[in-house]
Amino acid sequence: MADPACTVLPGMTLTLDLHSLRTPQRVLLRALRLGVAPGCVHTLMGPSGSGKSSLLAALCGTLPEGLQFDGLVHLNGQRIDTLPAHARRVGILFQDDLLFPHMTVGDNLLFAVPSGRAAQRQAQVRQALADVEMDAFANADPATLSGGQRARVALARALLAQPLALLLDEPFARLDMALRERMRALVFGLVRSRQIPALLVTHDLADIADPAHLTHLPPSP
Amino acid sequence: MPAPPFPLMLLTLAALPLGWSLLAAVQAGLDPTGWKALLNDPQTLLALAMSLWTGLLASTLSTAVAAWMLCRIFSPLPGAAVGTKLARGLAPLLALPHAALAIGLVALLAPSGWLLRLLSPWATGFSAPPPWATTQDPWGLGLVAVLVLKETPFLLWAALAQLQRPEVGLQLQQQLRLAQTLGYSVRSAWWRVAWPQLWPRLLGPLLAVLAYNLTVVDVALVIGPGAPPTLAVLAWQWLQDADPATNAQGAAGAWLLAGALALAAALAWGSTRSPLWRRRQTRGPDAMRAAAQHSPGTTKSITTITTITLRATTQHPLALLPGIYLAVGLALGLGSFTGSWLFPQLLPEVWSLAAWRSVLASSSTLWATTGLALASSLSALLWAVAWLELAPHSWHRRAQALLYLPLALPGVLWVLGLHQLALAWGLDGQASGLWLAHTLACLPYVLLALQGPYTGFDARLAQLAATLGRSRWAFLWQVKWPLLRAALAASLAVGFAVSVAQYLPTLYVGAGRFNTVSTEAVTLASGGQRSLTAAYAGLQWLLPVLMFALAAWLGRARRF
Numbered sequence: 002m003a004d005p006a007c008t009v010l011p012g013m014t015l016t017l018d019l020h021s022l023r024t025p026q027r028v029l030l031r032a033l034r035l036g037v038a039p040g041c042v043h044t045l046m047g048p049s050g051s052g053k054s055s056l057l058a059a060l061c062g063t064l065p066e067g068l069q070f071d072g073l074v075h076l077n078g079q080r081i082d083t084l085p086a087h088a089r090r091v092g093i094l095f096q097d098d099l100l101f102p103h104m105t106v107g108d109n110l111l112f113a114v115p116s117g118r119a120a121q122r123q124a125q126v127r128q129a130l131a132d133v134e135m136d137a138f139a140n141a142d143p144a145t146l147s148g149g150q151r152a153r154v155a156l157a158r159a160l161l162a163q164p165l166a167l168l169l170d171e172p173f174a175r176l177d178m179a180l181r182e183r184m185r186a187l188v189f190g191l192v193r194s195r196q197i198p199a200l201l202v203t204h205d206l207a208d209i210a211d212p213a214h215l216t217h218l219p220p221s222p
Numbered sequence: 003m004p005a006p007p008f009p010l011m012l013l014t015l016a017a018l019p020l021g022w023s024l025l026a027a028v029q030a031g032l033d034p035t036g037w038k039a040l041l042n043d044p045q046t047l048l049a050l051a052m053s054l055w056t057g058l059l060a061s062t063l064s065t066a067v068a069a070w071m072l073c074r075i076f077s078p079l080p081g082a083a084v085g086t087k088l089a090r091g092l093a094p095l096l097a098l099p100h101a102a103l104a105i106g107l108v109a110l111l112a113p114s115g116w117l118l119r120l121l122s123p124w125a126t127g128f129s130a131p132p133p134w135a136t137t138q139d140p141w142g143l144g145l146v147a148v149l150v151l152k153e154t155p156f157l158l159w160a161a162l163a164q165l166q167r168p169e170v171g172l173q174l175q176q177q178l179r180l181a182q183t184l185g186y187s188v189r190s191a192w193w194r195v196a197w198p199q200l201w202p203r204l205l206g207p208l209l210a211v212l213a214y215n216l217t218v219v220d221v222a223l224v225i226g227p228g229a230p231p232t233l234a235v236l237a238w239q240w241l242q243d244a245d246p247a248t249n250a251q252g253a254a255g256a257w258l259l260a261g262a263l264a265l266a267a268a269l270a271w272g273s274t275r276s277p278l279w280r281r282r283q284t285r286g287p288d289a290m291r292a293a294a295q296h297s298p299g300t301t302k303s304i305t306t307i308t309t310i311t312l313r314a315t316t317q318h319p320l321a322l323l324p325g326i327y328l329a330v331g332l333a334l335g336l337g338s339f340t341g342s343w344l345f346p347q348l349l350p351e352v353w354s355l356a357a358w359r360s361v362l363a364s365s366s367t368l369w370a371t372t373g374l375a376l377a378s379s380l381s382a383l384l385w386a387v388a389w390l391e392l393a394p395h396s397w398h399r400r401a402q403a404l405l406y407l408p409l410a411l412p413g414v415l416w417v418l419g420l421h422q423l424a425l426a427w428g429l430d431g432q433a434s435g436l437w438l439a440h441t442l443a444c445l446p447y448v449l450l451a452l453q454g455p456y457t458g459f460d461a462r463l464a465q466l467a468a469t470l471g472r473s474r475w476a477f478l479w480q481v482k483w484p485l486l487r488a489a490l491a492a493s494l495a496v497g498f499a500v501s502v503a504q505y506l507p508t509l510y511v512g513a514g515r516f517n518t519v520s521t522e523a524v525t526l527a528s529g530g531q532r533s534l535t536a537a538y539a540g541l542q543w544l545l546p547v548l549m550f551a552l553a554a555w556l557g558r559a560r561r562f
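So the protein lines, in turn, are chains A and B. Positions 2 to 222 (our numbering) are the ones given, in order, by the first sequence. Positions 3 to 562 (our numbering) are the ones given, in order, by the second sequence.
Laid out in structure tokens, this is it:
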């Protein structure tokens, strides 16, 4: 299902030009280039320990102390790897949903909406809940939700922050088979409708969004 | 599963004296004449107001300072390594008894203290100590300062213990990362995501801090206001009176304090439920997520001493605490060697060993302190290990309220019950009574220090040992306790420090017949023997620090 729209054009893309990503002990990744067009999901495959998650952390700016990223990241023509995480506008979905347990579902979403008029922000939250078919759950405690519901709320939250790119760190791994399929369709559909570039890391072949846009990471040395 | 009689016996061993003391305190508080005398006493209301003012202010400030420091420390994201290093650094601060800190602070801040000598006469123009009320100030600010300095490290320690648990620390770390990708700076993410989840886990320590600050006696005797004193001091004085009617008034005062404490705790809890906090959390990240706010060096550098110190303290907030403690330690250490020392001189004209000679001459004080602390902390540790090993989890959960109750009760109330117990059991004024009182005082702290590591011990190791055909004893002696020796040694040191710092029970249950470094230091603090006071206060610190050092050495990681 190679999508002809996914041709990388300069300007409206997420591009990575990595020289190296290293821990104090060893080099995790070296010489990796890729570009993701708006509305497309690029898949990175690799065995565990190959530095996939660290690469995503480097892209969104939350690289743990000790790891060193040497390279360039551009988003829509602007260099972002020198910016702090909160200024990059790169959203991320983890394997764990990481809903804040001290807030309701609605408050979790409201947390992500940029500040502004209260009524408007609430409307955005309602819309986001509807987008992921969770309309009735605004006042629910996250702890009472099922795994699939939590994953959908986490997706809605990531998108509410109006990211200009989305990173997906094995977000379907914790879901069972039936849910996984639905969640994939939902995520890929929302990425397409928002027209933002998305980068997915996984080791599950079934997750591959588009075989034409696939990079295999080498196993770590 | 062990047979139930052992846990039942253990529970009785601890619950009997605890419950007895509590009931005795209740009974003492039921005397209507005591209440009438309390309410008719013109000092009561003023003293209660003073207690509330100093206690609430100190609790609010220490919580706020601890939360702020945690935010600064973990701004680069909470790492386990930072936590471990910090927790180790906090131990010497925790080992310093409140009263010793108060005495040291008086030595620094008094009109004839180190600070004014440092500035006189060149900056202040004083050639004689000014008539200032810097230490027993009528507003209780000195008392508040000591309490904040002492409780902040305790809260930091309690918070670190939580943050070092993987399901808390790692989870928060990931949530903070995520909040950053949603457009929050680390700091604002900390206040909205991490702190609201962290503080409910600290309810116990926060309650203990509130209880301590509202009802402390020994610190208030050293540095607290005199007219009116705090209600705890007043109740303590009434309890010591020879007249039984005044004792009843003291008992009523202790209960009034307990009531005020319960009310304050309920109000504090209620205020955290306010929807205002919730709304603040979800106000949303700033729409303008420009990089401009990040670029360093935007502040105009006005390089005055104040801005440098301000910057140093905001960037290395934890340096502030050890700095003050170090100054206190120096004031006590140097202060114990001073002979004749005229005012504006920074250093004494004559150094003297007189104070230490006097300490050695009454070496029984030193031995009594050490022996009592060793006996009671060892007893408490034995009990805690037996309890955690043998008692079913459900028992432990249910018994916690009773076992930790001493931490949430006013010290004066507690000592009142203990005294009745000692009288009833014929232990009044006996070494055994003192041992019991100190053991009961150590117990909740030792249990608190031990229960995390002990219950967190990997249960699979026990199963593994059993499948290898080893008995439970062999497993405990050869696997579990050796692996937990750092935690066991640290808990023992905590108990030792608690015992050394005991003031009220030592005097009251011991009927004044036993002197420890704490009773000596607090009694001397109101007199004029500056160097002797410093020596005893220094010992109050030195003994627990030595014990903590010993514990660290015993618990050091083995290298093969």
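From the three backbone atoms N, C-alpha and C, an ideal C-beta is built for every residue, glycine too. Remember, it's a predicted structure, so these values are computed and weren't measured experimentally.
For T44(A), the nearest beta carbon of chain B is not closer than 8 angstroms to its own beta carbon.
A contact is defined here as three or more CB-CB pairs under 8 angstroms, and the segment 529–544 of chain B meets this definition with respect to the segment 320–339 of chain B.
Taking a Cβ-Cβ cut-off of 7 angstroms, the neighbours of A86(A) in chain B comprise Q182, T183, given in sequence order. Relative to D71(A), the option among L156(A), R195(A), R34(A), V192(A) whose CA is nearest is R34(A). Nearest neighbour of L436(B) by Cα position, chosen from S273(B), T508(B), A410(B), R474(B), turns out to be T508(B). Considering only L30(A), L22(A), A131(A), the residue with the shortest C-alpha distance to L218(A) is L30(A).
Under the Cβ criterion of 8 angstroms, V496(B) is not counted among the residues facing chain A. Counting only the Cα atoms, Q242(B) lies some 8 angstroms from Y510(B). If you ignore the 5 residues before and after A382(B), its C-beta comes within less than 6 angstroms of the C-beta of T441, C444, L445, V448, G497, all in its own chain and listed in chain order.
Spatial neighbours of R487(B) in its own chain (CB-CB distance under 7 angstroms, excluding positions within 5 residues in sequence) are listed in chain order as L556, G557. Residue pairing of W543(B) in beta bridges, as defined by DSSP: absent, with no partner found. Under the criterion of beta carbons closer than 8 angstroms, R158(A) and N109(A) qualify as touching, at roughly 6 angstroms. DSSP lists no bridge partner for M11(B). The continuous beta strand (DSSP E) containing D170(A) extends over residues 166–170. Excluding five sequence positions before and after D33(B), the CB atoms of its chain that fall closer than 8 angstroms to its own CB belong to A250, A253, A254, given in chain order.
Identification of chain B residues near S54(A) by a Cβ-Cβ cut-off of 9 angstroms yields none; the smallest Cβ-Cβ distance measures about 11 angstroms. Under the Cβ distance rule, D97(A) counts among the residues neighbouring chain B, one pair being separated by less than 8 angstroms.
By the Cβ-count criterion, T217(B) is buried, with 16 or more other Cβ atoms from all chains shown falling within 10 Å of its own Cβ.
Contact between L411(B) and L20(B) fails: their C-beta atoms lie close to 10 angstroms from each other, not under 8 angstroms. Residues of the segment 268–288 of chain B with a Cβ closer than 8 angstroms to any Cβ of chain A, in chain order: R280, Q283, T284, R285, G286, P287, D288. Close to D108(A), with beta-carbon spacing below 8 angstroms, are these residues of chain B in chain order: R280, Q283, T284. Minimum Cα-Cα distance from L269(B) among the listed residues L58(B), S528(B), L450(B), L41(B) corresponds to L58(B). The contact set of G50(A) on chain B, defined by CB atoms closer than 8 angstroms, is empty, because the minimum CB distance reaches about 18 angstroms. Assigned with DSSP and collapsed to three states, M52(B) falls in helix. For G413(B), the secondary structure class from DSSP, reduced to helix, strand or coil, is helix.
Our two residues, P25(A) and L118(B), have alpha carbons roughly 50 angstroms apart in a direct line.
Annotated three-state conformation of W141(B) is coil, per DSSP.
The beta carbons of L48(B) and A256(B) sit no closer together than 8 angstroms. At a cut-off of 8 angstroms between C-beta atoms, G148(A) does not count as an interface residue with respect to chain B.
Rounded to whole angstroms, the separation of the alpha carbons of M135(A) and V74(A) is 34 angstroms. Within the segment 185–219 of chain B, the residues whose Cβ lies closer than 9 angstroms to any Cβ of chain A are, in chain order, G185, Y186, S187, V188, S190, A191, R194, V195, P198, Q199, P202. For V91(A), the uninterrupted beta strand (DSSP E) run begins and ends at 91–94, by DSSP. L409(B) and A439(B) do not touch by the CB rule: their CB atoms are close to 15 angstroms apart, not below 8 angstroms. Runs of the beta strand (DSSP E) spanning 3 or more residues and lying entirely within the segment 61–112 of chain B do not occur at all. Annotation: Cβ neighbours of Q176(B) in chain A (cutoff 8 angstroms, chain order): F95, D97, L99. Using a 10 angstroms sphere on the CB of R181(A), the tally of other CB atoms reaches 16 or more, which defines it as buried.
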